[in-house]
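Chains as they are written, first to last, in the numbering used here: chain A, 184 to 336; chain B, 343 to 512.
We put the beta carbon where it would ideally sit given N, CA and C, even for glycine.
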Amino acid sequence: MKWKKADVEKYVQAKEYIDTILLPLIPFQFSQDKDIELVASQNDLLHIFASEIEKELAGRVMLLPSYHYISSAAKSEEYLRLNSWIQETEKQPFEHAILLTFDASWKKYEKEITGNLIWLPMIQSESFDSKQIKGLIKNQVEQICEMIRAYWQ
Amino acid sequence: MSDYKQQVSRRQFLNYTLTGVGGFMAAGMLASPLRMAIDPVLQPSRSGDLANVGLAEEDITTEPQRVEWKVEQVDGWYESEVTKSAWVFKNDKGEIVALSPVCKHLGCMVSWEGSEKYPNEFFCPCHDGRYYKDGTNVPGTPPPEPLDVFEQKVENGMLFLGKAHPRKGA
């Protein structure tokens, strides 16, 4: 399910079945010219991943609005804000928080974060529409879904 | 008597003209609501079109396989290309069956033999929903009804699929 009216209406009816939130962590920055494209394409790709995972597991996962932050921001402060997001979801019977990111610097704060951090290696490509890249993404999505199911058991 | 030309009286003349002019005005006023009323009938049904899913009929076996294809979809503000998918196989009578992979419980994607515990069944990873091979939901599992079935046809040896329709069942 997604954070939109039609889905949330369904959510309210079936709360007890939807116990997992999916939260993409998406950075942005304009200070380093050379990295603008890379950071923006991380945004593209993470959205693809998030929506594909949501499609597969729509009946148990709620995809939240992405968590955006400035690339250079201190993670020591960001993780507090991130935890407050997760805390907010705990006002509903959500049991699992899955965080998706390409940014390895979150790893340092993995223990402090009150959710399960899934770090993915970035796929660099001219376009994410080629058949080969699509197959690759699909395969990774399957593996991530498998991993999320492991949290459920 | 025969060559007597009937005169049109003033009253008749006015009657004819007023009816004529009034009729035109009424027709003009009625034309647009009438067109609007029957408009849905005149719209070509776009969603009813069947799409080639890139699978030859001879490649369909009794083992369900997942096919994916793309369709244009207008969803409120967004016009986009969406990927649709189906589980396709031949049943015992040799008929082609195309089932929607969307679980009827809360909409996860079911997969064929998705759980080792339940061979020969479709399995939903979210809440352990199960369906028999023909798409009927296994009683006692969360799904309330059978998987939707796609409209289908075979043309030039290729499989075409359309819309998925719900059906009644267990």
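Residue i CB to nearest chain B CB: under 7 Å?
| i | result |
| --- | --- |
| ALA241(A) | yes |
| TYR200(A) | yes |
| ALA197(A) | yes |
| ARG332(A) | yes |
Determine the DSSP secondary structure at residue i, reduced to helix, strand or coil.
| i | result |
| --- | --- |
| HIS251(A) | strand |
| TYR334(A) | helix |
| CYS466(B) | strand |
| VAL195(A) | helix |
| ARG472(B) | strand |
| ALA379(B) | helix |
| LYS217(A) | helix |
| VAL452(B) | coil |
| TYR460(B) | coil |
| ASP227(A) | helix |
| ARG353(B) | helix |
| GLU311(A) | Looking at the sequence shown, residue 311(A) is not Glu but Phe. Coil, per DSSP. |
| ASP417(B) | strand |
Checking 7 Å against the spacing of the C-beta atoms, do residue i and residue j come in under that value?
| i | j | result |
| --- | --- | --- |
| ALA280(A) | GLY298(A) | yes |
| ASN394(B) | PHE492(B) | no |
| LEU208(A) | THR272(A) | no |
| MET414(B) | GLU423(B) | Here residue 414(B) is Glu; the residue named in the question, Met, does not match the sequence. Taking 7 Å as the Cβ cut-off, GLU414(B) and GLU423(B) qualify as a contacting pair. |
| TYR200(A) | MET184(A) | no |
| ILE204(A) | LEU247(A) | yes |
Would residue i pass as an interface residue toward chain A - the criterion being a Cβ-Cβ separation below 7 Å?
| i | result |
| --- | --- |
| PRO467(B) | yes |
| LEU397(B) | no |
| GLY477(B) | no |
| LEU448(B) | yes |
| MET451(B) | yes |
| GLU463(B) | no |
| VAL413(B) | no |
Could you give the distance in angstroms between the alpha-carbon of residue i and the alpha-carbon of residue j?
| i | j | result |
| --- | --- | --- |
| SER313(A) | GLY449(B) | 28 Å |
| ILE296(A) | TYR473(B) | 38 Å |
| THR478(B) | CYS445(B) | 11 Å |
| GLN142(A) | LEU229(A) | Nothing in the structure corresponds to residue 142(A), since chain A is present only between 184 and 336. |
| ALA506(B) | LYS412(B) | 14 Å |
| PRO485(B) | ALA257(A) | 46 Å |
| GLN494(B) | MET500(B) | 11 Å |
| GLU487(B) | ARG509(B) | 8 Å |
| LEU489(B) | ILE219(A) | 45 Å |
Counting C-beta neighbours from all protein chains within 10 Å, is the total for residue i 16 or more, i.e. buried, or is it exposed?
| i | result |
| --- | --- |
| HIS447(B) | buried |
| LYS347(B) | exposed |
| TYR334(A) | exposed |
| ARG243(A) | buried |
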